[in-house]
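Below is one structure; the comments refer to it alone.
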Amino acid sequence: MFSRLQPVATDPILGLMAAYKEDPNPLKVDLGVGVYKDEAGHTAVLECVKKAEKLRLDLEDSKTYIGMAGDLSFNAHIEKLAFGPHKVLLEGRTTTAHTPGGTGALRVAAEFIKKANPDATIWVTSPTWANHISMFQAAGLKVKEYAYYDYDTKGLKEDAMFADLATVPAGDVVLVHACCHNPSGMDLNFAQWQKFTALAKERGFTPLVDMAYQGFGLGLDEDTQGLRYLANEVEELILCTSCSKNFGLYRERIGAVSVVVDSNKMLETARTNLLAVVRSIYSMPPAHGAIIVSHILDSAELTALWHQELAVMRNRINDYRQLIIDKLQAEGVQQDFSFITKQHGMFSFLGINKEQIERLRKEFSIYMVGSSRVSIAGLNHSNIDYFAKAVATVLK
Ligand code: LMR
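Given below as structure tokens:
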């Protein structure tokens, strides 16, 4: 039977991560996977996580199963972090399950959508995170794209986006990135969130908000502005969150899926369906990462430390957004890269072509995704000049 299988192309992002690891060039630069690196090029464990892990070792008194919804204290914290003091929480209209990573949250969401409407199409931004489309298709959902990023103006294709969204039928789902759009860094402004929300109400589609980078854009609360407005207005939505980036808990695989329903009468139905999906895929999530996050958010001191550490990561990336522009200018590059400071989060498209990307990799061991998406956190004071010179060389 296995002989019927054909080899499958490696995932474009994770394949790049492996290729970078194997490259012996000491000057190599990793701008591929969306993983934060500090000035030393290291993805360190956050101090608040270290402290919470110590606490966990002391306090943990059982390894019994955690239950399908995962850690309930974590779920409550994540809801508060995302929605703040919001009516969807006060009215008891939200149910959350902690999941193995943001990807796990998205897959649970996809299966939940399929249970609710097996004919649903899920609409994703063009372009979107490389794994969105394949994952939703693997879950058996139809996927369509709506206009989003304009490669010419390096902004949003606003008119085309709203024209596409105005054709989405009731019963379909529209995925929207809460902040730090992956891969473009180009986010909706508040007026655009309002327009998106009006269309969701008018057309009757269900929003699926993917928030993998809360705190990496403008700030923890600022990054939820669109989500909170949307949740205030629409009757139902799904939210997928991740603690990979903002808590630096990548390998612990910790995320959450929250379903907001139109009245608390529907809550039990949503909750039991969500848990049935969880049970059918992985039964229960791993506990470790969620309890670390809970310990941090239970403690005012650890929360303050986390806020500080998150701000350091966010500010470093934002500083490098400007530095890329300055350094490329200093290398005599004529093209306009000012769009980079208008974008947020880990990524921007450099806007260079395939051949230039290939040269950067072959001649300079500089790794970025084939779309020219760069993970800005891979730059530091030791490699920014090397990077700018290399980009200037391939642009000549
Ligand atoms: C990325 O986009 O680089 C990250 O979200 C990591 C991943 O799993 O692709």
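When we follow full-length UniProt numbering, the leftmost residue of the sequence shown carries the number 1, and every step to the right adds one.
Backbone N, C-alpha and C define an ideal beta-carbon position, used for all residues, glycine too.
Item	Value
Rounded straight-line distance, which links the Cα of G255 to that of C243	6 Å
Residue span of the beta strand (DSSP E) that contains L208, given as start and end	206–211
Own chain residues within Cβ distance below 8 Å of D221, not counting five before or after	G84
Contact belief for V369 with I13 at Cβ below 8 Å, rounded distance in angstroms	6 Å
DSSP-derived helix/strand/coil call for residue 404	Because the chain in this structure spans residues 1 to 396, residue 404 falls outside the shown range and cannot be described.
As assigned by DSSP and simplified to three states, the class of K142	strand
Given 8 Å, three or more beta-carbon pairs between the region 121–129 and the region 267–284	no
Check: N131 C-beta below 7 Å from any heavy atom of the ligand LMR	yes
Minimum Cβ-Cβ distance from K80 to chain D less than 8 Å	The structure shown contains no chain D; it holds only a single protein chain.
Coarse secondary structure for A147, derived from DSSP in three states	strand
Candidates M186, G171, S382: closest to Y148 by CA position	M186
V391 beta carbon near the ligand LMR (any heavy atom closer than 7 Å)	no
Status (buried if at least 16 other CB within 10 Å, exposed otherwise) for Y20	buried
Simplified DSSP state of V29, which is helix, strand or coil	strand
Residue span of the beta strand (DSSP E) that contains I352, given as start and end	Premise fails: I352 is in no beta strand (DSSP E) and is neither H nor E.
4-residue-minimum alpha helix (DSSP H) runs that sit fully inside the region 171–221, ordered along the chain	190–203
Burial state of Y146 (16 or more Cβ within 10 Å)	buried
G155 in three-state terms, based on DSSP	strand
Residues bridged to V260 (per DSSP)	T94, L237
Whole beta strand (DSSP E) elements within the region 305–379, 3-residue minimum	347–349, 373–375
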